[in-house]
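Novice: Handing you a structure now.
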Amino acid sequence: INFGRLIPQVAYYIYAYAKLAADGKIENGQEINFVVPTGNFGNILAGYYAKRMGLPIKKLVCASNGNNVLTDFFNKSVYDANRPFHKTMSPSMDILISSNLERLLYYKSGKDADYIAQLMNELEATGRYQVREDIFTSVREDFAGGYCDDAACAQSMREFYEQSGYVMDPHTAIAYKVMKDYEKEDSMHKCVLLSTASPYKFAPAVYEALFNETIQDEFACMEMLQQKSGSAM
311 INFGRLIPQV AYYIYAYAKL AADGKIENGQ EINFVVPTGN FGNILAGYYA
361 KRMGLPIKKL VCASNGNNVL TDFFNKSVYD ANRPFHKTMS PSMDILISSN
411 LERLLYYKSG KDADYIAQLM NELEATGRYQ VREDIFTSVR EDFAGGYCDD
461 AACAQSMREF YEQSGYVMDP HTAIAYKVMK DYEKEDSMHK CVLLSTASPY
511 KFAPAVYEAL FNETIQDEFA CMEMLQQKSG SAM
């Protein structure tokens, strides 16, 4: 993944923080959490760059779908891709090898390129690696992880729509579920959820989750979703 793709995403974090401060939701300098749905670890890595630039971020919470290899890594220090691959309703997150995690570990290892190359060689040869304890401790200072399977994702979309009328895409719904779980652990810091896609990109899955009906034709499904929900297409 080209590094240049990550740079513009840094601005999202800075803008969100500035908007919260300008609206009086937080004090300037107050730490907050960001919850990011991700499979390849790109967008959330941009958040780490924002933190390194000085943005007051307490934790970056990595929200995974049923392919929860990142969640396991943040909980156990072991990255293990030797597991079943699940095709989910959030296909852009269906990833078992998260290439941008290598970049994070490079910084966390003190830019030890030889050590990172060793880990990547282990991953290629065995499908797994375990980072040193000092690196894992440093990673855990900045990151947490959680995951949400398809059933919980659909339930989150349906419940949020019934409460607010807002139509979430599956990626956002995954992050929403993970955020609600994480808020039970940390109620002291405000959470910002990054919404990363349009629900119309996943119209059949979203429509079925909201209305318990299946429409196979994607264009017809988009029209029905717009008519029933009133959400802008």
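Take our numbering: the final residue in the sequence shown is number 543, and no numbers are missing along the way. Glycine is no exception: its CB is placed at the ideal position from the N, C-alpha and C atoms. Remember, it's a predicted structure, so these values are computed and weren't measured experimentally.
Where do the N-terminal and C-terminal ends of the beta strand (DSSP E) with Lys369 fall, by residue?
Specialist: Ile367 to Ser374
Novice: What are the boundary residues of the alpha helix (DSSP H) that Asn343 is part of?
Specialist: Counting along the chain, Asn343 falls outside any alpha helix (DSSP H), though it belongs to the beta strand (DSSP E) covering Ile342 to Pro347.
Novice: Hey, would you say Asn410 sits closer than 8 Å to Phe351, going by beta carbons?
Specialist: yes
Novice: Considering only residues of the same chain and omitting the five flanking positions on each side of Ala485, which have a CB-CB separation below 7 Å?
Specialist: Val345, Val346, Pro347, Ala373, Leu503 and Leu504
Novice: When the Cα of Gly314 is compared with those of Ile324, Tyr359 and Leu330, which residue comes out closest?
Specialist: Out of Ile324, Tyr359 and Leu330, the CA that lies nearest to the CA of Gly314 is found in Tyr359.
Novice: At 3 residues or longer, and completely inside the stretch 473-533: list those beta strand (DSSP E) runs for me, N to C.
Specialist: 501-503
Novice: Which whole-angstrom value is the C-beta distance of Met478 and Pro509, which I expect to be below 8 Å?
Specialist: 6 Å
Novice: Once DSSP output is grouped into helix, strand and coil, what is the label at Ala454?
Specialist: strand
Novice: Nearest to Tyr325 by alpha carbon, out of Gly357, Glu493 and Ala483?
Specialist: Gly357
Novice: Between the beta-carbon of Phe512 and the beta-carbon of Met399, is there less than 8 Å?
Specialist: yes
Novice: Can you tell which of Ser387, Gln340, Asp422 and Leu520 has its C-alpha closest to the C-alpha of Lys361?
Specialist: Gln340
Novice: Who are the Cβ neighbours of Glu523 in its own chain at under 8 Å, not counting the five residues just before and after it?
Specialist: Tyr517
Novice: By the three-class DSSP mapping on this structure, what secondary structure does Asp444 have?
Specialist: If DSSP states are grouped into helix, strand and coil, Asp444 belongs with the helices.
Novice: Look up Arg438 in the DSSP assignment and say whether it is helix, strand or coil.
Specialist: Reduced to three states, the DSSP call for Arg438 is strand.
Novice: Keeping to the same chain, check which residues put their C-beta closer than 8 Å to that of Asp422; ignore five residues upstream and five downstream.
Specialist: Tyr416
Novice: Along the beta strand (DSSP E) that carries Asp390, what are the first and last residues, could you check?
Specialist: Val388 to Asp390
Novice: Would you mind working out which of Lys369, Ala507 and Phe384 sits nearest His499, comparing C-alpha positions?
Specialist: Lys369
Novice: Below 8 Å, how does it come out for the stretch 453-463 and the stretch 427-438: are there three or more Cβ pairs, yes or no?
Specialist: no
Novice: What residue from Met489, Tyr322 and Ser387 has the CA that sits closest to Arg442's CA?
Specialist: Ser387
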